[in-house]
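**Student:**
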Amino acid sequence: MSTTPATLEADDIILDTNVVLDWLVFEQAQGRMIGQQVRDGRLRWIVSDTMHDELIDVLGRLLTLPSLMRWQHRHADALAAVEAWSVRVAEPRALPLPRRLHCTDPDDQVFINLALDRGTRWLLSRDHALLRLARRARLQGVEVLTPERWAATAADHMRLAPEPLA
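Numbering of the sequence shown is given in full-length UniProt numbering, commencing with residue 1 and proceeding in unit increments.
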């Protein structure tokens with residue numbers, strides 16, 4: 001859990017597990033950009049206990065799954081980053097029917113539930129089941145976007161701090 005105080009300007013963001021892997025393990029460009037915003041305090045990466053536990057489990061697979069073992073050297077740093085930069089929040093409450101959205105992937109239901117329950121501005125995912133909910137989630141103030149789409153429009157979405165003068 002993060003011990004670094006977020007600025008008052010930080011917007012909450014929810015990252016699904018694959019987006020976190022893009023950032024902390026695979027070091028993809030959009031993942032690094034999102035991570036930089038989190039580290040700079042411009043975004044506050046929120047996770048419920050369920051999301052945190054899933055992420056820790058998936059990161060553990062870097063040590064055991066042959067297809068992921070080539071990234072096992074990033075395991076410890078990824079775990080440390082999760083603890084340093086994620087902010088634990090309460091599990092989402094059950095939403096009344098008009099606000100509830102059903103995700104066809106039960107493992108991803110917690111992400112949309114948390115976003116809707118907290119009124120989180122962004123939920124970043126590559127999961128088709130979550131992305132199919134984007135239009136209906138937007139009606140409730142939640143943008144469900146791919147990391148690429150978010151990165152392409154980040155300046156429009158965020159109150160980006162000005163670059164420091166040299």
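Beta carbons are placed, not taken as given, at the ideal position from N, Cα and C, and that holds for glycine.
1. Relative to the C-alpha of G141, which residue among A115, Q72, C103 is closest?
2. For D12, is the classification buried or exposed, using 16 other Cβ atoms within 10 angstroms of its Cβ as the cut-off for buried?
3. In the DSSP assignment, find the alpha helix (DSSP H) that holds R39 and state where it starts and stops.
4. Hey, out of L101, E83, L59, S86, whose CA is closest to R138's CA?
5. Ordered along the chain, which non-local residues of its own chain (more than five positions away) have a Cβ less than 8 Å from that of T3?
6. By the DSSP assignment, the alpha helix (DSSP H) with E83 in it spans what residues?
7. Output yes or no for whether 8 Å exceeds the beta carbon distance between R42 and A10.
8. What does the Cβ neighbour count give for E54, buried or exposed, with the cut at 16 atoms within 10 Å?
9. Can you say whether F26 is buried or exposed, counting buried as having 16 or more other CB atoms within 10 angstroms of its CB?
10. Can you tell me whether DSSP reads V25 as helix, strand or coil?
11. Quick check on I56: buried or exposed, where buried means 16 or more other Cβ atoms within 10 Å of its Cβ?
12. Looking at the structure shown, is V20 part of a helix, part of a strand, or coil, going by DSSP?
13. Name the DSSP beta bridge partners of D107, please?
14. Looking at W45: is its Cβ nearer than 8 Å to the Cβ of V87?
15. Suppose you measure from the CA of R61 to the CA of A78; what does that come to, to the nearest Å?
**Tutor:** Checking against the coordinates, here is how it stands:
1. Of A115, Q72, C103, the residue nearest in Cα terms is A115.
2. buried
3. 29-39
4. L101
5. The predicted position of T3 is uncertain, since its pLDDT is 43 and thus under 50; no value can be drawn from it.
6. 75-85
7. yes
8. buried
9. Residue environment: F26 is assigned as exposed (fewer than 16 neighbouring CB atoms within 10 Å of its CB, all protein chains considered).
10. Per DSSP, reduced to three states, the secondary structure at V25 is coil, with no helix or strand assignment.
11. exposed
12. V20: helix per DSSP, three-state reduction.
13. The partner list for D107 (beta bridge, DSSP) is empty, contrary to what the question assumes.
14. yes
15. 12 Å
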